[in-house]
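Take a look at the structure below.
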């Protein structure tokens with residue numbers, strides 16, 4: 103299972119895929135950054151996760167709309183109607199109208215479970231500083247979302263193993 107050409111930036115040893123179409127993102131093309139890919143002994147895990155990710159349909163977003171809406175509502179608590187970032191979103195399904203998907207999904211292996219996660223940083227109109235991070239376990243489903251913090255799970259973000267399967271906290 104290949105993801106096509108892998109390009110290596112010789113100055114940084116960073117690896118990128120050639121542009122790949124992503125079904126659930128209106129078939130837009132994205133280059134994936136592959137963290138620590140060169141020295142990874144199971145490169146096929148990266149390929150599998152990326153293939154899972156690129157073949158997802160829009161239901162992957164619909165399934166977490168309520169969680170993204172909760173994130174929006176939490177952020178709204180810190181804003182007033184006079185703030186530039188203040189917007190009103192009436193229903194969970196409407197949150198995606200205010201999200202701009204990032205340009206570079208990042209695939210990386212998590213040491214704690216040896217799985218590949220794809221982290222996707224997005225901009226969102228209601229939180230311009232931290233945006234929206236979507237993390238896809240094995241590239242198959244969203245296992246974590248919220249403001250961008252670089253963590254791959256909420257258990258990592260909060261140092262609490264009981265949050266391993268919590269999508270939004």
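In my numbering, the protein residues as written are 103 to 271.
For glycine and all other residues, C-beta sits at the position ideal for the given N, C-alpha and C.
For clarity, every value in this text was computed on a predicted model and none was experimentally measured.
Inter-residue Cα distance where the pair is residue i and residue j
{"i": "residue 164", "j": "residue 238", "result": "14 Å"}
{"i": "residue 154", "j": "residue 243", "result": "9 Å"}
{"i": "residue 130", "j": "residue 158", "result": "13 Å"}
{"i": "residue 188", "j": "residue 205", "result": "25 Å"}
{"i": "residue 257", "j": "residue 263", "result": "5 Å"}
{"i": "residue 190", "j": "residue 123", "result": "32 Å"}
{"i": "residue 175", "j": "residue 115", "result": "40 Å"}
{"i": "residue 225", "j": "residue 192", "result": "19 Å"}
{"i": "residue 198", "j": "residue 160", "result": "11 Å"}
{"i": "residue 109", "j": "residue 117", "result": "6 Å"}
{"i": "residue 214", "j": "residue 178", "result": "34 Å"}
{"i": "residue 113", "j": "residue 207", "result": "21 Å"}
{"i": "residue 128", "j": "residue 105", "result": "19 Å"}
{"i": "residue 261", "j": "residue 194", "result": "29 Å"}
{"i": "residue 267", "j": "residue 180", "result": "27 Å"}
{"i": "residue 230", "j": "residue 221", "result": "18 Å"}
Close beta carbons around residue i, own chain, < 7 Å, minus the five adjacent residues each side
{"i": "residue 212", "result": "219, 254"}
{"i": "residue 162", "result": "126, 243, 244"}
{"i": "residue 251", "result": "235, 259"}
{"i": "residue 223", "result": "204, 233, 235, 250"}
{"i": "residue 156", "result": "122, 123, 124, 125"}
Contacts around residue i, its chain only, beta-carbon distance under 8 Å, and the 5 residues preceding and following it disregarded
{"i": "residue 275", "result": "Lying before the first or after the last residue shown, residue 275 is absent from the chain, which here runs from 103 to 271."}
{"i": "residue 150", "result": "103, 218, 240, 241"}
Cβ pair residue i, residue j closer than 9 Å
{"i": "residue 217", "j": "residue 240", "result": "yes"}
{"i": "residue 203", "j": "residue 228", "result": "no"}
{"i": "residue 135", "j": "residue 209", "result": "yes"}
{"i": "residue 107", "j": "residue 152", "result": "no"}
Burial state of residue i, where buried means 16 or more other Cβ atoms lie within 10 Å
{"i": "residue 132", "result": "buried"}
{"i": "residue 121", "result": "exposed"}
{"i": "residue 144", "result": "exposed"}
Tell me whether the region 180-200 and the region 124-143 touch, counting them as touching only if at least three CB pairs, one residue from each stretch, are closer than 8 Å. no
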